[in-house]
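Residue 477 in the working numbering sits at position 471 of the sequence shown, with consecutive numbering throughout.
In what follows, a single structure is set out as structure tokens and then discussed.
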Amino acid sequence: MTGYTNLRLTPLAALLAALPLTAAYADTPPAAAAVPLAAAAADTLPTVSITATRLAKDADTVAPNTAVLSPEGSNAGRVRDIQTLFADEPGVNVNRDPARRGNAGVNIRGIEGNRVLMQIDGVTLPSLYAGGGAAISGRDMVELDTLSAVEVVKGPYSGLYGADAIAGVVEYRTLDVQDLLQAGASSGGRLRAGYYGADNSKKLGAAWGLRSGDLSGLLSYTARRGENLETHGSNDSASSARTTANPLAWDSSAVLAKLGWMVAPGQEIGLTQDVFNRSQDGNFLSSRTSTVLSQTATDKSRRNRTSLNYDYTGSGTGLVGAKVSLYRQHGESREYTLESRAGGVLRTNDSGFEQDAWGASAQLTHRFDQGDLLHTLVWGAEYSKTETSRPRMRQQFNANGTVSNVVGGEVFPQKTFPDNDSERTGVFVQDEIALGSGITLTPSLRYDRYTLTPKPDALFNAANPFKYPVNKYSDSSVSPRLALSLPLAEGWTGFMQAGTGFRAPNFDDAMLVFTNAAQGYEVLPNPNLKSETSSSLEIGTRYRSASFEFAATAYRNRYHDFIDNVLVSPVDTNGNGVAMEFQAQNVARVRIQGLELKALWRPLKDLRLRGSLAYAKGDKLSDNTPLDSVDPLNGSLAAEYDLDAWHGALQVRGASKKERVSSSTMFRTPGYGVVDLSISRTIGRDADLLVGVYNLADRKYWLWTDVKGQLASATVLDRYTQAGRTAAINLDYHF
7 MTGYTNLRLT
17 PLAALLAALP
27 LTAAYADTPP
37 AAAAVPLAAA
47 AADTLPTVSI
57 TATRLAKDAD
67 TVAPNTAVLS
77 PEGSNAGRVR
87 DIQTLFADEP
97 GVNVNRDPAR
107 RGNAGVNIRG
117 IEGNRVLMQI
127 DGVTLPSLYA
137 GGGAAISGRD
147 MVELDTLSAV
157 EVVKGPYSGL
167 YGADAIAGVV
177 EYRTLDVQDL
187 LQAGASSGGR
197 LRAGYYGADN
207 SKKLGAAWGL
217 RSGDLSGLLS
227 YTARRGENLE
237 THGSNDSASS
247 ARTTANPLAW
257 DSSAVLAKLG
267 WMVAPGQEIG
277 LTQDVFNRSQ
287 DGNFLSSRTS
297 TVLSQTATDK
307 SRRNRTSLNY
317 DYTGSGTGLV
327 GAKVSLYRQH
337 GESREYTLES
347 RAGGVLRTND
357 SGFEQDAWGA
367 SAQLTHRFDQ
377 GDLLHTLVWG
387 AEYSKTETSR
397 PRMRQQFNAN
407 GTVSNVVGGE
417 VFPQKTFPDN
427 DSERTGVFVQ
437 DEIALGSGIT
447 LTPSLRYDRY
457 TLTPKPDALF
467 NAANPFKYPV
477 NKYSDSSVSP
487 RLALSLPLAE
497 GWTGFMQAGT
507 GFRAPNFDDA
517 MLVFTNAAQG
527 YEVLPNPNLK
537 SETSSSLEIG
547 TRYRSASFEF
557 AATAYRNRYH
567 DFIDNVLVSP
577 VDTNGNGVAM
587 EFQAQNVARV
597 RIQGLELKAL
607 WRPLKDLRLR
617 GSLAYAKGDK
627 LSDNTPLDSV
637 DPLNGSLAAE
647 YDLDAWHGAL
657 QVRGASKKER
667 VSSSTMFRTP
677 GYGVVDLSIS
687 RTIGRDADLL
697 VGVYNLADRK
707 YWLWTDVKGQ
717 LASATVLDRY
727 TQAGRTAAIN
737 LDYHF
């Protein structure tokens, strides 16, 4: 990324760059020369938005529903995963299973899971697959230290990105060679080390880049090791009443390698290898009951991507840009569980979720002048094919020495949905029309075709004893979008956007079959599902002066044919002895409306005050009940002060009580406010040290996204609390 030329991304620079509004306002303040190196780097970092318009633009020129974050998030000492990465971005959060499976996926303005398009360098991450109330395969498969930026676009965005962008887009951009080189250098790199008290984790990483003539190369490696995230619970018994964290040890490693060849001026071919591995061993004491005497497990996840890219960059008019990409990606999550049960019974579990994807995309950019109109035309096409599988194997070893593959009323081995292929084809066009008056009008249109083909085999038939049919599914959609930007007054810019979203039924929506006669329930497939659709309207504004900056967005999103799992019959309708039947159906119409605010004030040359606020109200219009996936009112305030080579930051983040829930029996999180303090020091020219204390007052609190759906009468609510007072330290060295 040329926007990061000659700048060093230190932990402190990362902290400052991603506090509210830094992504939107990155120009140098008048006092920049008086601040220390790391703080100055944060204010001068040219923040580039690419995802919002498929064009590289100053983030300050795009609508305020777009945020470009540093890979370290808003606070380098607190950020260690995707949940903490998005903690300070209004309208964005991540839900987490505290017992075993950790982070699931991203929630944007109350819509979550596979309804959020998540990509890395334009390649869609493996899908989220949930079961038993948690993510069996989550989307936390990216090492933050391999990234140069994270861009979030909120609201339906199928007009540019097709299916799965029904809630928004999260785009990870990996490091480029130029991110590691200092001014005038042909090679350079960095070393990073850190400790995070919230999960007792340590990290150690190195990255190195080289540019020699027309060739360039980059190699990055990061390793982490830690434990389960602390809770504020006090019950550490080995029982289902436990509220402290289960003993769990995990480690992860990530390798990013890039080769580049400048074949001609403005034309480069690049090859990327991106590998992420994570493994954890856990002793799940909270699973113990009078029947389950012990449960231990080893869980593994892996993502491996290879990409080949061609990029052309021109100037003037005519063809000014071209991108062609080919990729292949493998994603896999596996669970190996050993369970000791009463009566001398042992049960083993070896289950997986696998996705293999390959695809190609091409995008061309033309610029042409028509007097007072300047057109920037972006058009292209994408194709992808994804193969998905869910193998499951369990065995029961009885006290008398016999071994059975019938466990809990199910026959193993099996697959809960058939192996399947999903194919997606998309064609899009966007015209950014800049008028001489400063008004910019941007219409876009996209056509998508989606096909889901089941491939049932003997293992699927084992999980489908009553032979429920699974059928091929196909659908198509045309998604328009229109954006308007106009100058309002000196320093003020107004924005208006109207967009649509589209999401075809996923592999488990249409084809999941699960029969458990012993427990008396089954999940039925639904070949008659319709695609989900959405529409949105947003109005926003930005203001900017030398000392004050402000951004606001008001939005109203509507979702139709929402897919949800519902109880379709509480009695045995098929004569198979199974009482309760569940099925994915198009049951809901959803409306979400809200307001997001960000502000930055520089009352003194060395003092910056920042703030953000997010309010949203979600309703299921089909039954007039609140939508539980919407967060309560939340926000943050931060004060930062620079003194020579020192920098200090004091932040308060919090949320109001969760009032609107769909059931009176549901737990409502109380309001909270948490104080974080960090101090950093630039050491010489090449090193930065940051020390932070987080949740300074040792406050007990819950994040709504983690605990939603729990009963108010539950005795283990403290299991879902966040960590108490913790500390962190991070060191960066650049060479």
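Positions of the beta carbon are idealized from the N, C-alpha and C atoms, including for glycine.
From the options, pick the residue whose C-alpha is nearest to that of residue i; which is it?
i      : options                           : result
Leu221 : Asp692, His238 and Ser193         : Ser193
Leu225 : Thr152, Phe520, Gly660 and Gln589 : Thr152
Asn591 : Pro511, Val681, Arg616 and Asn71  : Inspection of the sequence shows that residue 591 is occupied by Gln rather than by Asn. Of Pro511, Val681, Arg616 and Asn71, the residue nearest in Cα terms is Pro511.
Tyr561 : Tyr549, Ala552, Val269 and Ser542 : Ser542
Asn406 : Glu388, Asn355 and Gly350         : Gly350
Leu262 : Ala255, Ser240 and Leu181         : Leu181
Pro486 : Ala718, Ala169 and Thr237         : Ala169
Thr547 : Ser540, Glu496, Arg509 and Val572 : Glu496
Ala136 : Gly116, Asn109, Asp127 and Asn701 : Asn109
Arg274 : Asn310, Thr312, Asp317 and Gly215 : Checking the sequence shown, residue 274 turns out to be Glu, not Arg. Per the Cα distances, Asp317.
Ser76  : Tyr479, Ile88, Pro70 and Thr67    : Ile88
Pro449 : Asp463, Ala489 and Leu465         : Ala489
Gln125 : Asn101, Leu530 and Tyr167         : Tyr167
Ser293 : Leu344, Ala260 and Thr319         : Leu344
Lys391 : Ile545, Asn99, Asp463 and Arg455  : Arg455
Val176 : Arg198, Thr130, Glu602 and Gly190 : Thr130
Gly239 : Thr250, Arg230 and Ser245         : Thr250
Arg373 : Ser339, Glu416, Leu325 and Gly386 : Leu325
Val298 : Asp375, Gly320, Gly276 and Ser346 : Ser346
Ser575 : Thr539, Leu530 and Glu555         : Leu530
Phe472 : Asn522, Ser482, Glu438 and Phe568 : Asn522
Asp724 : Arg597, Ala594, Arg248 and Arg396 : Arg248
Leu134 : Ala229, Met517, Ser339 and Trp708 : Ser339
Leu596 : Glu587, Leu613 and Asn630         : The residue asked about is misnamed: residue 596 is Val in this sequence, not Leu. Taking only the C-alpha atoms, the option nearest Val596 is Asn630.
Thr539 : Gly276, Gly165, Arg179 and Val435 : Gly165
Asn571 : Ile598, Tyr549 and Val519         : Val519
Run the CB neighbour count on residue i, radius 10 Å, all protein chains shown included, and call it buried at 16 or more, exposed below.
i      : result
Tyr726 : buried
Leu123 : buried
Ala703 : exposed
Asn534 : exposed
Val156 : buried
Ala552 : exposed
Arg691 : exposed
Ala270 : exposed
Ser80  : Residue confidence is low: Ser80 scores 43 on pLDDT, short of 50, so the model does not pin down where it sits. No coordinate-derived value is stated.
Thr721 : exposed
Asp49  : The predicted model places Asp49 with a pLDDT of 37, which falls under 50 and marks its position as unreliable; any figure quoted below should be read in that light. Buried.
Leu494 : exposed
Ala6   : A question about residue 6 goes unanswered here, because the residues of the chain that appear run from 7 up to 741.
How many whole angstroms separate the CB atoms of residue i and residue j, which I take to be in contact at a CB cut-off of 8 Å?
i      : j      : result
Gly5   : Tyr202 : A query on residue 5 cannot be resolved here, the shown segment of the chain reaching from 7 to 741 and no further.
Arg398 : Ser428 : Rounded, the Cβ-Cβ distance is 20 Å, inconsistent with contact.
Ala204 : Thr732 : 5 Å
Gly111 : Gly161 : About 17 Å; that fails the 8 Å criterion.
Gln279 : Arg309 : Contact flag wrong, Cβ pair sits at about 12 Å.
Thr72  : Ala65  : 7 Å
Gly641 : Leu627 : Wrong, their Cβ atoms sit about 27 Å apart, outside the cutoff.
Which residue marks the beginning of the alpha helix (DSSP H) containing residue i, and which one marks its end?
i      : result
Tyr167 : Ser164 to Tyr167
Phe466 : Ala464 to Ala469
Val713 : Trp710 to Val713
Thr90  : Ile88 to Leu91
Phe513 : Phe513 to Met517
Need the endpoints of the beta strand (DSSP E) that residue i sits in, please.
i      : result
Asp3   : Look at the range of the chain in this structure, 7 to 741, and you will see that residue 3 is not part of it.
Phe359 : Val351 to Gln376
Thr302 : Val298 to Thr319
Asp648 : Asn640 to Leu649
Met268 : Leu254 to Ala270
Ser635 : Ser635 -> no beta strand (DSSP E), and no H or E assigned at all.
Arg398 : Pro397 to Phe403
Leu695 : Ala693 to Tyr700
Arg548 : Glu538 to Arg550
Asp625 : Leu613 to Lys626
| task | Assess, as a yes-or-no matter, whether the stretch 366–385 is touched by the stretch 437–455 under the definition of 3 or more beta carbon pairs within less than 8 Å. | result | yes
| task | Report yes or no: do the stretch 263–273 and the stretch 286–294 share at least 3 C-beta pairs separated by less than 8 Å? | result | no
| query | So does the stretch 608–620 actually touch the stretch 680–690, counting three or more Cβ pairs closer than 8 Å? | reply | A contact is defined here as three or more CB-CB pairs under 8 Å, and the stretch 608–620 fails this definition with respect to the stretch 680–690.
| message | Assess contact between the stretch 359–378 and the stretch 409–416, defined as three or more Cβ pairs (one per stretch) separated by less than 8 Å. Is contact present? | response | Output reads no: the stretch 409–416 does not touch the stretch 359–378.
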